[in-house]
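Chains as they are written, first to last, in full-length UniProt numbering: chain A, 1 to 410; chain B, 1 to 410.
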């Protein structure tokens with residue numbers, strides 16, 4: 001594994017890796033609804049009741065029998081006897097017969113015998129009687145039982161990341177606790193003799209570790225729990241030890257740095273030492289990110305990402321995120337708004353590796369334009385200034401104005 | 001305040017409220033970079049060093065003086081004396097003179113005297129000498145000092161919600177801790193004699209509280225800390241007491257339910273009792289959400305939202321979120337991908353109140369289509385099935401196929 005003997009295309013790499021490792025959810029846990037935002041539902045939720053559970057008034061007014069009101073008008077108002085008042089939350093202990101009505105508030109339960117509500121504005125109340133000045137149809141101003149949800153209906157399916165409105169519906173259906181998938185623990189190990197954590201001053205040609213921070217953020221956003229295992233020098237024994245520890249404690253291991261083909265390529269050796277089958281892909285025809293390792297050890301995914309931060313971010317997005325999402329149980333179609341179509345502000349010519357260029361977006365003359373950001377993959381500010389990424393196939397020239405798909409960042 | 005004497009348009013309501021209350025950030029706190037994802041930066045960050053801090057090689061190879069290589073070719077290779085090896089992280093204690101070169105790894109610091117790197121693939125090494133087979137230009141295969149960031153440059157501005165790549169850049173610039181805005185604490189009080197928390201069984205015409213859950217989710221997504229204060233019966237004394245408590249402990253108070261004009265409209269009275277100036281707007285010409293209260297008490301925003309969950313969500317999005325974002329310190333232009341343009345699948349005719357319809361999105365015949373979801377604002381499943389919301393002005397009919405702006409949910 002000391003040379004990129006064969007550089008797979010990104011799609012070949014994905015296919016080869018998918019044959020070696022099929023990610024699946026890790027297991028489930030119960031959480032209270034109040035802590036379930038953004039968690040991935042692991043159960044099918046069926047409604048155990050209708051919603052609403054009874055015919056509800058949608059206005060303040062009088063519950064009536066629609067058939068009684070047929071000839072009511074402001075000239076010849078209908079006089080109905082008021083036999084009761086519906087109180088919110090209380091049982092309704094009376095029924096309403098022909099020629100009768102009951103006071104009802106918005107949201108109130110229709111009394112037995114009634115099937116419509118006359119808005120208060122269209123009535124005149126005098127002591128025990130209410131005058132109705134216009135007819136109402138059956139179910140007028142009423143939300144019938146089961147209009148929102150029918151008992152037995154599947155209302156949320158497993159694999160869905162829960163949103164505020166999902167939580168509301170679950171609460172309304174009396175589900176105070178849900179079964180969600182466990183969040184995968186993802187180890188981050190950065191390697192490089194030159195790396196120092198931020199906050200410690202530099203000597204010689206040292207630089208500050210950035211990958212721990214960008215990768216932690218990406219893991220968090222993808223539904224994982226980032227577990228940093230610190231910086232390890234380019235020393236095989238130390239790196240094997242740390243990688244084995246991370247592999248025991250976490251469900252996925254990411255190493256960043258050092259996987260280029262150099263004299264000190266200890267990352268590949270460390271990954272190979274962790275478990276079988278080991279390295280599946282080493283080297284991908286992608287820019288940035290050629291020296292990427294996709295591996296499996298003892299049933300857990302292990303990734304060797306480039307030390308370069310922009311490369312590591314692109315490879316995470318291209319190869320790690322989908323695996324992590326599957327382990328997190330996510331089975332949703334991509335949401336609208338995760339990609340946009342825009343026109344290139346300038347011609348882009350790409351060499352022999354599929355390229356993932358950083359673009360900023362701006363609206364101009366009624367169209368959305370994607371401006372490729374200057375600087376290669378070593379320029380982290382290109383990622384900070386970028387709104388999204390655009391994939392351009394190998395050996396392709398896209399002219400200025402060409403419409404491309406932009407994958408939005410964060 | 002017992003009647004909607006004048007119904008303001010949504011824009012009038014916003015303007016009136018903006019004159020009564022100008023939200024501003026609450027203060028700041030220091031957090032370690034590892035906990036700063038999605039926090040809103042409260043400081044301007046200037047680079048205290050160049051990034052990279054020295055000329056770095058972007059390849060494995062030999063650092064040389066570009067001018068030496070002018071006539072090198074595979075036929076007439078240039079022979080250079082190898083005077084040292086650059087080690088990652090170590091100081092480079094030697095200089096390179098004319099006719100000399102130094103071994104350098106990717107990311108290594110260029111030795112004094114060199115200004116370019118020849119890729120290893122284009123060299124032949126023999127003992128103390130390296131043969132270079134093609135010329136390199138000044139800075140070829142080099143990332144010059146300061147190419148990414150220049151010392152003194154402003155790299156992130158206050159008001160930005162930090163993304164993974166921002167964290168990486170801050171780490172790279174040796175900033176292990178950042179000043180962020182405090183997250184506003186937002187009280188949620190739901191009122192209604194009919195409400196019961198999920199997990200407790202219903203009697204009479206009770207229903208389960210949903211607003212606590214949807215509002216908590218929306219507050220969290222908007223950068224606030226949701227503080228539920230439970231369910232309060234429609235009792236003025238109790239509601240005033242709970243609202244005053246919430247108002248003391250939090251920076252924003254949201255009451256949901258009960259603000260319709262009915263016999264038991266205690267929410268308006270409770271809000272009015274909390275502090276001056278009190279209610280600024282009561283009733284807005286919007287659908288859903290007419291019985292909305294916008295208030296200020298003792299310098300803190302207080303909102304009375306409709307009890308109906310869909311209405312409360314729309315009013316949160318239309319009137320609460322911008323206030324909360326400003327209190328959270330967020331000062332970013334809207335991100336691309338938060339709205340999309342789509343065509344209506346059917347004609348929509350709107351009455352005398354600006355309407356916020358729920359739509360689901362689907363791509364068809366190369367265009368994006370927005371299908372208005374059936375059911376009024378009492379149908380929470382319309383929000384669960386929706387991809388976004390579309391605003392339609394009052395007294396407007398939009399024909400099938402009309403392009404509209406869709407604000408994406410969650």
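Every residue, glycine too, gets a C-beta built ideally from N, C-alpha and C.
Bear in mind that the values here come from a model prediction, so they are computed numbers and not experimental data.
Chain-order list of residues whose beta-carbon lies under 7 Å from that of residue i (same chain, five-residue window excluded)
i                      : result
residue 242 of chain A : 189, 229, 232
residue 325 of chain A : 222, 223
residue 44 of chain B  : 154, 157, 158
residue 128 of chain A : 81, 82
residue 244 of chain B : 274
residue 145 of chain B : 50, 52, 53, 54, 55
residue 73 of chain A  : 133, 134
residue 263 of chain B : Reliability fails at residue 263 of chain B, whose pLDDT of 46 lies under 50, so the model's placement of it is uncertain and the value that follows must be treated cautiously. Once the five neighbours on either side are set aside, residue 263 of chain B has no close Cβ partner at all.
residue 220 of chain A : 226
Residue i, buried or exposed, once every other Cβ within 10 Å from all chains shown has been counted against 16
i                      : result
residue 165 of chain A : buried
residue 3 of chain B   : Low per-residue confidence applies at residue 3 of chain B: pLDDT is 48, beneath 50, and the placement is therefore not dependable, though the value from the model is reported in the following sentence. Looking at its Cβ environment, which holds fewer than 16 other Cβ atoms inside 10 Å, residue 3 of chain B is exposed.
residue 237 of chain B : exposed
residue 55 of chain B  : buried
residue 346 of chain B : exposed
residue 404 of chain A : buried
residue 163 of chain B : buried
residue 194 of chain B : buried
residue 288 of chain B : buried
residue 15 of chain A  : exposed
residue 93 of chain B  : exposed
residue 97 of chain B  : exposed
residue 334 of chain B : exposed
residue 214 of chain B : buried
Chain B contact residues for residue i, given Cβ-Cβ distances below 8 Å
i                      : result
residue 208 of chain A : 171, 172, 173, 174
residue 213 of chain A : 33, 34, 164, 167, 168, 170, 171
residue 311 of chain A : Simply none; closest approach about 11 Å.
residue 54 of chain A  : 205
CB contact flag (residue i, residue j, <8 Å)
i                      : j                      : result
residue 46 of chain A  : residue 153 of chain A : yes
residue 313 of chain A : residue 184 of chain A : no
residue 187 of chain A : residue 246 of chain A : yes
residue 84 of chain A  : residue 111 of chain A : yes
residue 357 of chain A : residue 379 of chain A : no
residue 191 of chain B : residue 294 of chain B : no
residue 31 of chain B  : residue 330 of chain B : no
residue 301 of chain B : residue 252 of chain B : yes
residue 406 of chain B : residue 361 of chain B : yes
residue 216 of chain B : residue 34 of chain A  : yes
residue 38 of chain A  : residue 161 of chain A : yes
residue 323 of chain A : residue 25 of chain A  : no
residue 95 of chain B  : residue 113 of chain B : yes
residue 299 of chain B : residue 271 of chain B : no
residue 268 of chain A : residue 280 of chain A : no
residue 141 of chain B : residue 116 of chain B : yes
Contact set between residue i and chain A, taken where Cβ atoms lie within less than 7 Å
i                      : result
residue 149 of chain B : 381
residue 336 of chain B : 340, 361, 387, 408
residue 194 of chain B : 88, 89, 107
residue 384 of chain B : 165, 166, 169
residue 143 of chain B : 378
residue 216 of chain B : 34
Same chain, Cβ closer than 8 Å to residue i, five either side skipped, listed in chain order
i                      : result
residue 173 of chain A : 45, 47, 48, 49, 51, 149, 155
residue 395 of chain B : 350, 351, 352
residue 285 of chain A : 7, 8, 9, 10, 352, 353, 354, 394
residue 341 of chain A : 368, 403, 404, 405, 406
Closer than 7 Å at the beta carbon, the chain B residues around residue i
i                      : result
residue 90 of chain A  : 204, 205
residue 127 of chain A : Correct list: empty, because the minimum Cβ distance to chain B is about 17 Å.
residue 220 of chain A : 37
Neighbouring residues, chain A, relative to residue i (Cβ below 8 Å)
i                      : result
residue 199 of chain B : 174, 176, 177
residue 393 of chain B : Chain A residues near residue 393 of chain B: none, gap ~21 Å exceeds 8 Å.
residue 230 of chain B : Residues of chain A passing the Cβ test: none, with the nearest at roughly 12 Å.
Next item on the list: Please specify which runs of the beta strand (DSSP E), each continuous and at least 3 residues long, are wholly inside the UniProt domain "MoaB/Mog" (187 to 326) of chain B, giving them in chain order.
Entry: For the UniProt domain "MoaB/Mog" (187 to 326) of chain B, whole beta strand (DSSP E) runs of length 3 or above, ordered along the chain, are 225 to 232, 252 to 256, 277 to 282, 293 to 297, 300 to 305.
Next item on the list: Scan the segment 33 to 76 of chain B and note each continuous beta strand (DSSP E) run of 3 residues or more that stays entirely inside, going in chain order.
Entry: The qualifying runs are 61 to 64.
Item checked: Uninterrupted alpha helix (DSSP H) stretches inside the segment 123 to 191 of chain A (no shorter than 4 residues) -> Taking only runs of at least 4 residues, the alpha helix (DSSP H) segments lying wholly in the segment 123 to 191 of chain A are 164 to 172.
Margin query: At 3 residues or longer, what runs of the beta strand (DSSP E) sit wholly inside the segment 325 to 410 of chain A?
Written below: If only uninterrupted beta strand (DSSP E) runs of at least 3 residues are considered, those enclosed by the segment 325 to 410 of chain A are 339 to 344, 354 to 364, 367 to 372, 388 to 392, 403 to 408.
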